[in-house]
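Quick note: the sequence shown uses my numbering, first residue 4, plus one each step. Written below as structure tokens is the structure these notes are about.
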Amino acid sequence: MTDPLEATRDQDLVHALAASPAFERDGLCFAARRTGLYRSQDGGQTWQNAYVSLGLTAPLPTAAVALSPDLADQTLFAGVPGAILRSGDGGRSWFPTSLPTPPPFVTSLAISPDFTRDGAVLAGTMEDGVFRSGDRGVHWAAWNFGLLDLSVLCLAISPAFADDETVFAGTDSGISCSTNGGRAWREIDFPVDLAPVLSLALSPTYAGTGLLFAGAEESGLYASTDRGRSWTRLGQDIIDGAVNTILLSPEFPARPEMLVASGDALLVSRDGGHTWAEWNPDFDTRQGITAVVAPLGLGPGAPLLVGLADGQIVSIRPRPA
């Protein structure tokens with residue numbers, strides 16, 4: 004089978020990756036790229052254009068992709084310039100949802116863990132703040148009360164969203180938090196000189212522990228154990244550049260495995276961020292790692308899908324150096 008990504012690798016960029024909750028069984032995963040959205044059903048070995056049903060005559064840059072938490076309803080979303088696309092059949096067909104004018108550029112998507120019941124989805128945009136849908140992505144409205152920086156680079160939603168309605172937004176100038184499902188926001192005490200914030204991750208135990216992590220553009224990785232009121236830098240001896248991906252074990256902190264992508268390096272911690280080691284994949288990462296997803300968690304030998312700045316998407320089973 005011909006890989007349609009081969010022809011675009013010199014000009015493409017992988018913005019985001021997402022994998023099915025049933026990845027071990029169905030091998031389903033998606034790649035949001037400068038040239039569009041791509042779909043794989045064999046664990047990332049081969050890829051097909053997911054937008055075929057739209058009959059496009061030009062590439063549709065896609066910066067974000069998000070899947071329904073259990074994917075039993077086959078719902079997923081893709082963020083494109085000026086719109087959010089919704090699929091109800093696992094990415095085979097798509098329906099555009101218009102956003103208010105002027106058209107915003109969607110940078111990130113976050114779906115409620117209780118999506119089947121509450122239908123809540125949030126979208127971050129480059130200059131227009133956060134948009135929210137409460138009806139499974141059919142209608143959207145801007146919810147920016149208290150959000151002082153409208154350049155939203157990443158979103159992270161609480162694992163206990165059904166109870167605490169907590170969402171974090173990483174922006175050009177810091178981090179804002181909402182505790183009412185994205186309807187209103189307040190800045191938290193993340194040092195402004197460390198911004199922009201490129202990545203966020205909340206512990207699965209966030210509701211009880213208040214533990215979250217933030218990746219900065221120039222100054223590495225930070226952790227907070229008090230819901231963002233104070234921060235501690237992690238791995239400063241090895242993580243010294245932009246952190247654009249933070250992945251946590253699904254059982255964190257009972258299994259305290261973490262992975263971050265920083266520049267051209269994949270770095271792993273097995274003790275909750277206290278010590279780190281570099282993972283050395285057998286492919287060239289010097290052009291930069293732009294996206295990573297761990298479909299089966301971060302246990303030894305678990306696969307990773309890694310997106311690179313030159314457009315490659317590589318499936319690996321890395322081992323610590």
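Glycine included, C-beta positions come from ideal geometry on N, C-alpha and C.
The stretch 100-112 touching the stretch 49-59, judged by at least three CB pairs closer than 8 Å
Short answer: they don't touch.
Alpha carbon of R289 to alpha carbon of D138, nearest angstrom:
Answer to the nearest angstrom: the Cα atoms are 42 Å apart.
Local Cβ density within 10 Å of E260, reported as buried at 16 or more and exposed below that
The residue in question, E260, is buried, as its Cβ has 16 or more Cβ neighbours within 10 Å.
Would you list the residues sitting across from F216 in a DSSP beta bridge?
Residue pairing for F216: DSSP places it in a beta bridge opposite A204 and A226.
Entirely enclosed beta strand (DSSP E) segments - the stretch 258-296, minimum 3 residues:
List check, beta strand (DSSP E) in window: 261-265, 268-272, 280-282 and 292-296.
Which residues in the same chain as F164 place their Cβ atom closer than 7 Å to its Cβ, once the five residues preceding and following it in sequence are excluded?
Taken in chain order, the residues that qualify are S115, P116 and D117.
Could you give the residue range of the beta strand (DSSP E) that holds R89?
Counting along the chain, the beta strand (DSSP E) containing R89 begins and ends at A86 to S90.
Pull up the distance between the alpha-carbon of T119 and that of D240, whole angstroms please.
Answer to the nearest angstrom: the Cα atoms are 43 Å apart.
Nonlocal neighbours in the same chain, by C-beta distance under 6 Å from D29, ignoring five residues either side:
Result list for D29: S23, in chain order.
Rounding to the nearest angstrom, what Cα-Cα distance links A294 and L151 in this structure?
C-alpha separation (whole angstroms): 27 Å.
For the candidate residues E190, G244, W50 and R89, whose alpha-carbon lies nearest to that of V155?
V155 has its Cα closest to that of E190, out of E190, G244, W50 and R89.
V195, buried or exposed, once every other Cβ within 10 Å from all chains shown has been counted against 16
Its Cβ having fewer than 16 others within 10 Å, V195 is exposed.
On the premise that S179 lies in contact with L197, defined as a C-beta separation below 8 Å, what is that separation, rounded to the nearest angstrom?
That belief does not hold up - the Cβ atoms of L197 and S179 are roughly 15 Å apart, past 8 Å.
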